[in-house]
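Participant: Top line first, the protein sequences correspond to chains Z and A.
Residues in the first sequence are numbered from 1 upward in steps of one, following the numbering used here.
Residues in the second sequence are numbered from 1 upward in steps of one, following the numbering used here.
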Amino acid sequence: MSATETELRELSYLGAVNEALHQIMAEDPDVFCAGEDVGASGGVFGSFGGLQKKYGELRAVDTPISEQAIVGLGIGAAVAGLRPVVDLMFMDFIMVAMDQIANQAAKLKYMFGGKTSLPLTITTNAGAGLSAAAQHSQSLESMLAHVPGLKVVMPSNPYDAKGLLVASIRDDNPVIYAKTKTLFGTKGPCPEDLFEVPLGVANITRPGTDATIVTYGRMAGESLKAASILSSEGVDVEVIDLRTLQPMDSETIIASVKRTNRCVVVHEAVRFAGMGAEIAAQIQEEAFDYLDAPIGRVAAPFSPVPFSPVLEGAYVPDAKRIAEGVRAAVQRG
Amino acid sequence: MEITNEVLKDLHYRMIRIRFFEEAAGKLFENSEMPGFLHLYVGEEAVAAGVCAALRPDDQIGSTHRGHGHLVGKGGDLPKMMAELMGKADGYCNGKGGSMHICDLDLNMLGANGIVGAGAPIAVGAAFANKYRGNDTVAVVFFGDGAVNIGAFHEAANMAAALQLPAVFVCENNEYGEYTPRSKTMAIDDVVDRAAGYGMPGVIVDGMDSVAVYEATTQAVARARAGHGPSFIECKTYRYYNHHGVQIMGFKYRTDEEVDMWKTRDCIEGIERDMLAQGVMTQDEIDTIRAKVQADVDEAVEFGRNSPFPDVDTLMDDVYTVAGANS
Ligand SMILES: Cc1ncc(C[n+]2csc(CCOP(=O)(O)OP(=O)(O)O)c2C)c(N)n1
Ligand SMILES: [Mg+2]
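#1: Just the C-alpha distance for glycine 49/Z and glycine 188/Z, rounded to the nearest angstrom, thanks.
#2: By a C-beta neighbour count over all protein chains shown, 10 Å radius and 16 as the cutoff for buried, is glutamate 299/A buried or exposed?
#3: Is the beta carbon of glycine 74/Z less than 9 Å from the beta carbon of valine 85/Z?
#4: Since phenylalanine 153/A and methionine 200/A are thought to touch, with beta carbons under 8 Å apart, how far apart are those beta carbons, to the nearest angstrom?
#5: Using 10 angstroms around the beta-carbon of proline 317/Z, count the other beta-carbons present and answer buried if the total reaches 16, otherwise exposed.
#6: Kindly list, in the order they appear in chain A, the residues whose Cβ is closer than 8 Å to that of glutamate 36/Z.
#7: For serine 47/Z, which residues in chain A fall below 7 Å Cβ to Cβ?
#8: Identify each residue in the stretch 301 to 313 of chain Z for which the Cβ-Cβ distance to at least one residue of chain A is less than 8 Å, and report them in chain order.
#9: Using the beta-carbon count (16 or more within 10 Å), is valine 265/Z buried or exposed?
#10: Assuming proline 301/Z and arginine 271/Z make a contact with CB atoms under 8 Å, what is their CB distance in whole Å?
#11: Can you give me the Cβ contacts of leucine 8/A inside the same chain, cut-off strictly under 6 Å, excluding the 5 residues immediately before and after it?
#12: So, helix, strand or coil for aspartate 136/A, using DSSP?
#13: For aspartate 59/A, does the three-state DSSP call read helix, strand or coil?
#14: For ligand 2, enumerate in chain order all residues having a CB closer than 6 Å to any of its heavy atoms.
#15: Is the Cβ of arginine 17/A closer than 9 Å to any Cβ of chain Z?
#16: If we define contact as Cβ-Cβ less than 9 Å, is serine 2/Z a contact residue for chain A?
#17: When you compare only the Cα positions, how much space is there between isoleucine 16/A and lysine 96/A?
#18: So with CB distances below 7 Å, who are the chain Z contacts of isoleucine 248/A?
#19: Using a Cβ-Cβ distance cut-off of 9 Å, determine whether glycine 74/Z contacts chain A.
#20: Span of the alpha helix (DSSP H) holding arginine 259/Z?
#21: Quick check on this structure: which residue in His267/Z, Val305/Z, Cys263/Z has the alpha carbon closest to the alpha carbon of phenylalanine 288/Z?
#22: Applying the criterion that 16 or more other CB atoms from any shown protein chain within 10 Å of the CB defines a buried residue, is isoleucine 240/Z buried or exposed?
#23: Note down, in chain order, every chain A residue with its Cβ under 7 Å from the Cβ of leucine 267/Z.
#24: Establish whether the CB of proline 230/A and some CB of chain Z are separated by less than 9 Å.
#25: According to DSSP, isoleucine 169/Z sits in a beta bridge with which residue or residues?
#26: Grouping DSSP H, G and I as helix and E and B as strand, with all else coil, what is aspartate 317/A?
#27: For glycine 42/Z, which residues in chain A fall below 8 Å Cβ to Cβ?
#28: According to the neighbour-count rule (16 or more other Cβ atoms, all chains shown, within 10 Å of its Cβ), is proline 29/Z buried or exposed?
#29: Using a Cβ-Cβ distance under 9 Å, would glutamate 316/A count as near chain Z?
#30: Taking DSSP as the reference, what is the three-state secondary structure of aspartate 292/Z?
#31: Taking 8 Å as the cut-off, is the CB of valine 96/Z close to at least one heavy atom of ligand 1?
#32: Which term fits arginine 182/A, buried or exposed, when burial requires 16 or more other beta carbons within 10 angstroms of its beta carbon?
#33: For the stretch 145 to 162 of chain A, enumerate the residues whose C-beta is nearer than 7 Å to any C-beta of chain Z, in chain order.
#34: Interface residues of chain Z around valine 319/A at Cβ under 8 Å?
#35: Determine the extent of the alpha helix (DSSP H) in which phenylalanine 20/A is found, giving its start and end residues.
#36: For histidine 22/Z, which residues in the same chain have their Cβ closer than 8 Å to its Cβ, ignoring the five residues on either side in sequence?
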């Protein structure tokens, strides 16, 4: 297949994830997947489809409903030299396994004086929008990004979904790779070869001059929609898709804000102590003199995710609210 | 144990109430009138009915993601349930919780739960409160065969036994956790084998037989009320529909023959057959009850349909309890 054909091929977000897993398992015999319903059924969302058929029960493992032991299995196997991918079906369930993630996986290398690396990938599924209510809809990335030793990845499109997963699995550190449930069916161009999108490198998905939106995950797409609304009003917005929250590409953020002088951070997670707080703090530390307006935040309000579609609709930020946030920043001073 | 005609009729009534409610919910779900995840209890009615019939109103029940049957079994208000499942303002949780969080604390139903195994420690906490207060109220913990593999469940069961709390652990063993058969996730044939490790008496009962469940629960509850601590009941049962939603889509994780085999042991058909044979009820009387319950369910559906969606201004209500404002 020629390079252009490769470029043009469209794949769904979930299809990209599945393809990455198939290809990396073919390449590296140390990679295995484990989690609830990961094996025979191919995962409740289908990410692991076909892996057990192709690679057997030892490389696509159906585990008991035991989140702590699932993560622990990954940690132990990684210390013993394998390269595990363990799955926690919903990001909310990360809380069930938080000791293994935050006290164990994140810290072993440091506590042991560097004696081990921990090539572990924890895949999970974040976000609201499915009326799945308060225990199946959370975006908990800032809690994870707060823990030294962890990396946190949140892809927003099929291309990144594949490339970031490959980079996550090849990384020698514990990485939380959080997909967004509402993006599963989204289609986009994605190369067929095995490739990496490096961790810690943001993507300027739309260059602009009047204001910078810093975002990731589902809100990356909503922000582009907001940018096109604003463009019809004569406001030229730059959109940065962070792709990785830890490590964070602060350089790209700061450079952009120094050019546009205005910034709004957008995420689906609740506003209080969300990633926006960290990003705004970094900007004022590094680019205070360049700012023409306070840094805005568009995020979910400080409540659990409601069940009713009407409430949930009001809860999750969308292009309209993002555009309002940018207007506030642009109209100022 | 002598089973009176009243008990049989009560069990039957609870089971058809659950069955008809669930069938209606399934239809609404397939019709896109019900959002979110729906875990139906159809097939397992004998468990909730048998347990709840053996309880007093003040006894608590802790529930699971498959919780509608528990609430209906405890006497839940069908219109409020239906409205909640449809995300409406008149629902049990004002549309905030939905299927996975439905609850009625007035009926001492401590809430469905979206986190597998998480209901167990909470119900054990209620059992502790009962012991603390010195009343003879008992807390029942419902959980699936999959849930016993969660750390929280294990911790709760051990704690209940160690503290000799008035609790009854009721396992709804339907042989699957989502799409994975139990044989893949456990190396024991019977879940009840775990009970010995906690130091609790445990029994296996036919979870398709509400009378058997009722008898076992009555004994376990009596033991707990008397201050002799928790027990474990494993109910062998089966869900007729998919893990979530109604029809199995995609990966076929169980055979039609298996489903059909369990349906031949249907709990409602079974009790109706027995009641007819023993002259407890006539076919006419059964038909009358069925028609009444169906009318109640239809009314609940209409109530749900007619209830408004919650006002967006309620979004931030009830995140915290506001001092002095007891809502
Ligand atoms: C902690 C946690 N892990 C995983 C899930 C996803 N999940 C929901 S129900 C379920 C299966 C539960 O099986 P079981 O306890 O046997 O109950 P059943 O559904 O068979 O009634 C799983 C894995 C969850 N909700 N919570
Ligand atoms: Mg089960």
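Don't be surprised by glycine CBs; every beta carbon is placed ideally from N, CA and C.
This structure is a prediction, so every number in the text was calculated from the model and none was measured.
Facilitator: In brief:
#1: Computed Cα separation, rounded: 20 Å.
#2: With fewer than 16 Cβ atoms within 10 Å of its Cβ, glutamate 299/A is classed as exposed.
#3: Yes.
#4: Separation of the CB atoms of phenylalanine 153/A and methionine 200/A is rounded to 13 Å, and the pair is thereby denied contact status at 8 Å.
#5: The residue is buried, with at least 16 neighbouring Cβ atoms inside 10 Å.
#6: In chain order: Gly177, Glu178, Thr180.
#7: In chain order: nothing, as chain A lies at least about 13 Å away.
#8: Those residues of the stretch 301 to 313 of chain Z that come within reach of chain A (Cβ to Cβ, closer than 8 Å) are Pro301, Phe302, Ser303, Pro304, Pro306, Phe307, Ser308, Pro309, Val310, Leu311.
#9: Counting Cβ neighbours within 10 Å, valine 265/Z comes out buried, since at least 16 surround it.
#10: About 7 Å separates the Cβ atoms of proline 301/Z and arginine 271/Z, confirming a contact at the 8 Å cut-off.
#11: Here the set comprises Met275, Val280.
#12: Note: aspartate 136/A maps to coil in three-state DSSP.
#13: Three-state DSSP puts aspartate 59/A in coil, outside helix and strand.
#14: Ordered along the chain, the selected set is Gly144/A, Asp145/A, Gly146/A, Asn174/A, Tyr176/A, Gly177/A.
#15: No, because no Cβ of chain Z sits closer than 9 Å to the Cβ of arginine 17/A.
#16: Below a pLDDT of 50, predicted positions are generally treated as unreliable, and serine 2/Z, at 47, falls in that range; no measurement from the model is reported.
#17: A direct Cα-to-Cα measurement between isoleucine 16/A and lysine 96/A gives close to 27 Å.
#18: Near isoleucine 248/A there are no residues of chain Z at all, since even the closest Cβ is about 11 Å away, more than 7 Å.
#19: Contact of glycine 74/Z with chain A is not assigned, every C-beta pair being separated by 9 Å or more.
#20: Where arginine 259/Z is concerned, the enclosing alpha helix (DSSP H) stretches over 250 to 260.
#21: The closest CA to that of phenylalanine 288/Z, considering only His267/Z, Val305/Z, Cys263/Z, is found on Cys263/Z.
#22: By the neighbour-count criterion, in which 16 or more other beta carbons inside 10 Å mark a residue as buried, isoleucine 240/Z falls on the buried side.
#23: Note that residue 267/Z corresponds to histidine in the displayed sequence, not to leucine. Near histidine 267/Z there are no residues of chain A at all, since even the closest Cβ is about 18 Å away, more than 7 Å.
#24: No, because no Cβ of chain Z sits closer than 9 Å to the Cβ of proline 230/A.
#25: Answer is none; isoleucine 169/Z lacks a bridge partner.
#26: Coil, per DSSP.
#27: Listed along chain A, the residues sitting closer than 8 Å to glycine 42/Z by beta-carbon distance are Phe251.
#28: With fewer than 16 neighbouring CB atoms inside 10 Å of its own CB, proline 29/Z falls in the exposed class.
#29: Checking the displayed sequence, the identity of residue 316/A turns out to be methionine instead of glutamate. It does: the Cβ of methionine 316/A has a partner Cβ on chain Z nearer than 9 Å.
#30: Three-state result, aspartate 292/Z: coil.
#31: Yes, ligand 1 has a heavy atom inside 8 Å of this Cβ.
#32: By the neighbour-count rule (16 or more Cβ atoms within 10 Å), arginine 182/A is buried.
#33: Those residues of the stretch 145 to 162 of chain A that come within reach of chain Z (Cβ to Cβ, closer than 7 Å) are Gly146, Ala147, Asn149, Ile150, Gly151.
#34: Within chain Z, the residues near valine 319/A are Phe302, Ser303, Pro304.
#35: 5 to 30 is the span of the alpha helix (DSSP H), which, as asked, contains phenylalanine 20/A.
#36: Here the set comprises Gly50, Leu51, Lys54.
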